[in-house]
DNA sequence: AATGAATGAGCGTTCATTCAT
DNA sequence: TATGAATGAACGCTCATTCAT
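In structure tokens:
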């Protein structure tokens with residue numbers, strides 16, 4: 004594992020455990036097994052490290068999503084299953100996603116928003132690809148909000164249940180909500 | 004207005020504008036027109052002030068909700084309309100709710116969770132009161148997640164559209180999702 | 004002595020002993036007998052503390068100078084005597100003056116320059132008030148440079164000789180240099 | 004140009020532009036076209052590099068001075084002309100001389116003092132070589148202070164005038180000050 | 001109850017220097 | 001010799017909280 008990768012991994016663990024503000028750069032460095040200053044050779048600062056972490060996690064998420072969407076499963080079902088399976092297998096990332104996506108630092112929030120937007124587009128496309136009679140924006144927020152809240156509950160429970168197994172019920176309800184059942 | 008109330012009001016404005024971490028106790032005191040030390044005569048500290056704020060806001064929200072639920076409207080529709088109408092008229096509170104409800108400080112998050120739980124019970128009761136075939140937990144998270152995400156989008160937009168007017172479409176979709184249409 | 008005054012006194016000692024860069028705010032606070040944060044209640048930061056120190060020292064210097072110039076002694080002689088007497092009685096201030104007046108931080112240097120300029124005007128006025136045939140700028144630099152270098156040598160020696168007693172010889176040579184002897 | 008020489012040249016530029024404290028070893032290395040570590044093969048550290056720079060610059064200055072003093076011009080006049088001509092043609096070196104000669108780091112200041120002393124001896128010798136009635140130390144400081152302050156003013160002006168052309172007026176005034184006019 | 005001056009722990013970041021290659 | 005990635009000590013400043021008045 005490259006130094007950069009171990010720093011990112013360490014950062015994921017520390018940010019997830021402590022939250023952005025309480026996370027200490029020194030703790031990340033120690034967790035990564037490098038000196039404090041070394042972190043700054045790879046990332047400009049705390050904020051950049053966090054954004055980079057988020058960005059790469061999301062890029063991987065999106066890449067996998069596109070693969071999942073390419074299968075023969077109806078897009079919305081594929082998307083729901085993928086969302087819950089992906090985060091259900093990455094507790095730390097899920098924590099970060101839930102906790103930090105609505106961050107109080109406006110700049111950070113904007114960075115995050117820019118990173119997440121492509122996912123919103125995928126959701127809208129998945130909805131548009133099925134028969135439905137819903138307001139597309141309200142529907143998109145319903146889909147994301149529903150999935151996101153399942154993850155939040157899972158994180159709140161400390162990962163006590165199997166997130167991925169919620170997929171069938173979630174997508175059944177969402178499909179029916181959108182009016183695309185026949 | 005009592006001193007306590009003006010401190011709470013000031014805190015609402017400051018927390019909403021700056022976020023929990025960037026909010027300065029001194030700014031809250033100044034905004035409330037009291038000395039720094041005075042805040043501590045009414046609230047043990049920053050965290051407690053924030054929790055108190057959240058708690059009272061939520062208590063009022065819940066009280067109004069119960070009134071709304073007492074009308075002849077179907078509970079779920081009443082709840083959706085109320086949620087969007089209430090926050091749609093209180094931008095600062097909405098910001099705080101969205102941004103801070105999933106806070107990175109674990110202790111704070113737990114406090115918030117305890118405060119919000121009664122609302123989850125109301126949502127589950129509203130679902131139970133209608134014909135439906137959904138998993139109650141998944142459904143409750145769908146309802147809350149859907150409503151919450153509408154608010155988040157509204158906050159992100161800077162309050163650029165009318166939140167309350169989304170209610171009919173939101174409750175139509177939710178009703179259909181739950182299978183309670185006939 | 005007010006807190007502000009004790010901080011300024013402490014700062015004078017610490018800056019003189021260590022130089023601007025090596026001087027630690029914590030050392031100044033400790034020397035002043037206050038907490039670290041207290042310094043920042045009176046001065047915006049290290050730079051501002053230094054400039055304030057310089058400014059007040061110089062203001063006092065200038066006020067005393069104007070008094071000295073008001074006597075019946077020829078201005079240039081009064082000025083030389085005053086310069087050497089004033090700094091000769093304030094070793095720490097002399098150190099700061101010599102060491103920091105030509106500071107490498109451009110902003111700081113500019114602040115210092117602005118503060119010192121009025122003294123240059125007084126010197127030029129003192130020269131103009133006597134019969135002389137010298138270029139006024141070259142002459143002003145000669146007067147200041149000559150006085151300044153006596154102080155530098157005194158500081159370098161650790162204050163080992165009596166600075167004020169150099170005044171007669173210094174002003175005799177300067178008077179003669181300017182061509183004002185008859 | 005040897006590596007050592009290019010490092011010294013780079014250091015001159017960087018120290019002049021940024022000042023001792025703000026000068027970065029990495030910047031010097033980059034400017035010299037060598038790796039960071041390479042600088043330490045030639046100089047023990049930042050301080051030593053600076054002292055070496057100053058030392059060599061001064062050695063060259065002194066060598067040229069001795070040549071200038073060997074001419075038939077009266078020593079003091081030769082010295083003044085040389086001082087102003089030499090620095091007037093080397094802005095970077097002049098900046099370093101003015102800004103850093105009275106450095107706040109005591110050890111560095113002592114090194115510098117040791118390096119400059121031979122020049123003081125030359126000045127005293129030049130004074131001694133002419134008829135005069137002045138205290139030799141006061142006179143030496145007058146000569147150096149006067150010259151130095153011309154350079155300081157020139158540096159402060161950003162090199163806006165011709166330094167060397169001040170020589171006749173400077174040495175005229177100094178000669179007259181010392182009482183060596185006939 | 002109210003004040004607000006004082007406190008002091010806490011931390012992100014820089015950069016001279018080292019050393020394995 | 002030369003490299004440049006890695007090191008880690010060092011420090012100015014903030015701000016929640018306290019407490020003498």
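Protein chains in written order, with the working numbering: chain A, 4 to 185; chain B, 4 to 185; chain C, 4 to 185; chain D, 4 to 185. Just so you know, even glycine gets a beta-carbon here, dropped at the ideal spot from N, CA and C. In this text the structure is predicted, and so the values were computed from the model without any measurement.
Worksheet item: residue 7(D) CB to nearest chain C CB: under 8 Å?
Response: Here residue 7(D) is taken as the residue at index 4 of the fourth chain, counted from 1. With respect to chain C, the C-beta atom of residue 7(D) has no partner C-beta closer than 8 Å.
Checklist entry - Using a beta-carbon distance cut-off of less than 8 Å, what residues from the segment 10–24 of chain C approach chain D? => result Hits within the stretch, in order: 21, 22, 23 and 24.
Q. Between residue 143(B) and residue 83(B), what straight-line distance do the alpha-carbon atoms span, to the nearest angstrom?
A. Position 140 of the second chain holds residue 143(B). Position 80 of the second chain holds residue 83(B). Roughly 12 Å between the two C-alpha positions.
- Item | residue 160(A) - DSSP class collapsed to helix/strand/coil | Looking up residue 160(A) in the first chain gives position 157. In this structure, residue 160(A) counts as coil in the three-state DSSP scheme.
- Message: Quick check: the Cα distance between residue 64(D) and residue 155(D), rounded to an integer number of angstroms?
- Response: Here residue 64(D) refers to the residue found at position 61 of the fourth chain. Here residue 155(D) refers to the residue found at position 152 of the fourth chain. Straight-line Cα distance between these residues: approximately 17 Å.
Taking 8 Å as the threshold (beta carbon to beta carbon), is residue 144(B) in contact with chain A? For the purposes of this step, residue 144(B) is taken as residue 141 along the second chain, with counting starting at 1. By this cut-off, residue 144(B) is an interface position.
### Task
Mind listing the chain B neighbours of residue 169(A)? Cutoff is C-beta to C-beta under 7 Å, in chain order.
For the purposes of this step, residue 169(A) is taken as residue 166 along the first chain, with counting starting at 1. Proximity of chain B to residue 169(A) at the Cβ level (cut-off 7 Å) is accounted for by 141, in chain order.
Closer than 9 Å, Cβ to any Cβ of chain B: which residues of the segment 115–129 of chain A, in chain order?
-> Result list: 116.
Select from the segment 151–164 of chain D all residues with a C-beta closer than 8 Å to any C-beta belonging to chain C, and list them in chain order.
-> Taking 8 Å as the cut-off between beta carbons, the residues of the segment 151–164 of chain D near chain C are 151, 152, 153, 155, 156 and 159, in sequence order.
Closest residue to residue 3(D) among 123(D), 6(D), 26(D) and 181(D) (Cα-Cα distance) = Look at the range of chain D in this structure, 4 to 185, and you will see that residue 3(D) is not part of it.
**Prompt:** Closest to residue 111(D) by CA distance: which of 9(D), 24(D) and 137(D) is it?
**Reply:** Locating residue 111(D) in the fourth chain gives position 108, counting from the first residue. Ranking 9(D), 24(D) and 137(D) by Cα distance to residue 111(D) puts 24(D) first.
Euclidean distance between Cα positions of residue 11(A) and residue 66(A): Taking the first chain and counting its residues from 1, the one referred to as residue 11(A) is at position 8. Taking the first chain and counting its residues from 1, the one referred to as residue 66(A) is at position 63. Here the C-alpha atom of residue 11(A) lies approximately 19 Å from the C-alpha atom of residue 66(A).
Report the rounded CA-to-CA distance for residue 185(B) versus residue 174(B), giving the unit in angstroms.
Stepping through the second chain from its first residue, residue 185(B) is reached at position 182. Stepping through the second chain from its first residue, residue 174(B) is reached at position 171. With a pLDDT of 44 at residue 185(B), under the threshold of 50, the predicted position of this residue should be treated as unreliable, though the coordinate-derived value follows. Going by the C-alpha atoms only, they are around 15 Å apart.
Check whether residue 137(A) and residue 78(A) have beta carbons under 8 Å apart:
Along the first chain, one-based indexing puts residue 137(A) at 134. Along the first chain, one-based indexing puts residue 78(A) at 75. Cβ distance not < 8 Å, so residue 137(A) and residue 78(A) don't count as in contact.
| Is residue 169(A) near residue 68(A), with beta carbons less than 8 Å apart? | Within the first chain, numbered from 1, the residue matching residue 169(A) stands at position 166. Within the first chain, numbered from 1, the residue matching residue 68(A) stands at position 65. Against a cut-off of 8 Å, the Cβ pair of residue 68(A) and residue 169(A) comes out as no contact.
Checklist line | Three-state secondary structure assigned by DSSP to residue 148(B) | finding: The count along the second chain starts at 1 and reaches residue 148(B) at position 145. It is helical.
| message | Below 8 Å, how does it come out for the segment 89–96 of chain A and the segment 40–49 of chain A: are there three or more Cβ pairs, yes or no? | response | Contact between the segment 89–96 of chain A and the segment 40–49 of chain A is not established, with fewer than three Cβ pairs separated by less than 8 Å.
Considering only the alpha carbon of each residue, which of 172(B), 157(B), 38(B) and 177(B) lies closest to residue 126(B)? Residue 126(B) sits at position 123 when you count from the first residue of the second chain. Looking at the Cα atoms, 177(B) is the closest of the given residues.
Coil, strand or helix - residue 168(C) by DSSP
Stepping through the third chain from its first residue, residue 168(C) is reached at position 165. In the structure shown, the three-state DSSP call for residue 168(C) is helix.
**Beta-carbon neighbours of residue 107(B), restricted to chain A and to distances below 8 Å** = Residue 107(B) sits at position 104 when you count from the first residue of the second chain. For residue 107(B), the neighbours in chain A by C-beta distance under 8 Å run, in chain order, 21, 22, 23, 24, 25, 102 and 103.
- Item | Three-way DSSP call (helix, strand, coil) for residue 23(B) in this model | The residue labelled residue 23(B) in the question sits at position 20 within the second chain. In the structure shown, residue 23(B) sits in coil (DSSP, three-state: anything other than H, G, I, E or B).
| message | If the criterion is Cβ atoms closer than 8 Å, does the pair residue 13(B) and residue 31(B) meet it? | response | Reading the second chain from its first residue, position 10 is the one you call residue 13(B). Reading the second chain from its first residue, position 28 is the one you call residue 31(B). In contact: residue 13(B) and residue 31(B) (Cβ atoms closer than 8 Å).
**Asked** Ends of the alpha helix (DSSP H) at residue 100(C)?
**Response** Position 97 of the third chain holds residue 100(C). In this chain, the alpha helix (DSSP H) harbouring residue 100(C) covers 94–103.
In chain order, each alpha helix (DSSP H) run of at least 4 residues that lies wholly inside the segment 70–96 of chain D
As for any alpha helix (DSSP H) of minimum length 4 sitting wholly inside the segment 70–96 of chain D, the runs are 78–91, ordered along the chain.
Below 7 Å CB to CB, which residues in the same chain sit around residue 121(D) once its five sequence neighbours on both sides are set aside?
-> Counted from its first residue, the fourth chain places residue 121(D) at position 118. Around residue 121(D): 65.
Of all Cβ atoms in chain B, is any one closer than 8 Å to the Cβ of residue 235(A)?
-> The structure shown does not extend to residue 235(A), since chain A spans only 4 to 185, so no value can be given for it.
Exercise. From this set, 158(D), 51(D), 113(D) and 172(D), which residue's C-alpha is nearest residue 98(D)'s C-alpha?
Worked result: Working through the fourth chain from its first residue, we reach residue 98(D) at position 95. With distances taken between Cα atoms, residue 98(D) lies closest to 158(D).
Going along the chain, which residues of its own chain have a beta-carbon closer than 8 Å to the beta-carbon of residue 109(C), five neighbours each way excluded?
The residue given as residue 109(C) occupies position 106 in the third chain. Nothing meets the Cβ criterion.
Which residue from 163(D), 104(D) and 20(D) puts its Cα closest to that of residue 147(D)? Translated into positions along the fourth chain, residue 147(D) becomes position 144. That would be 104(D), whose Cα lies nearest to the Cα of residue 147(D).
Discussion item. Quick check: the Cα distance between residue 22(C) and residue 102(C), rounded to an integer number of angstroms?
Written reply: Translated into positions along the third chain, residue 22(C) becomes position 19. Translated into positions along the third chain, residue 102(C) becomes position 99. Spanning the two alpha carbons is a distance of roughly 7 Å.
Is there at least one Cβ from chain A nearer than 8 Å to residue 182(B)'s Cβ? Translated into the one-based positions of the second chain, residue 182(B) becomes position 179. It does: the Cβ of residue 182(B) has a partner Cβ on chain A nearer than 8 Å.
ask   = When we look at the beta-carbon of residue 53(D) and count the other beta-carbons within 10 Å, is it buried (16 or more) or exposed?
value = On the fourth chain, position 50 is the one that residue 53(D) refers to. Residue 53(D) is buried by the Cβ-count criterion.
*Cβ atoms of residue 81(B) and residue 72(B): under 8 Å apart, would you say?*
Start at 1 with the first residue of the second chain, and residue 72(B) comes out as number 69. Start at 1 with the first residue of the second chain, and residue 81(B) comes out as number 78. Closer than 8 Å, so yes.
Would you mind giving the Cβ-Cβ distance between residue 130(C) and residue 58(C), rounded to the nearest angstrom? I have them listed as a contact below 8 Å.
In the third chain, the residue the question calls residue 130(C) occupies position 127. In the third chain, the residue the question calls residue 58(C) occupies position 55. Not a contact, Cβ separation roughly 25 Å.
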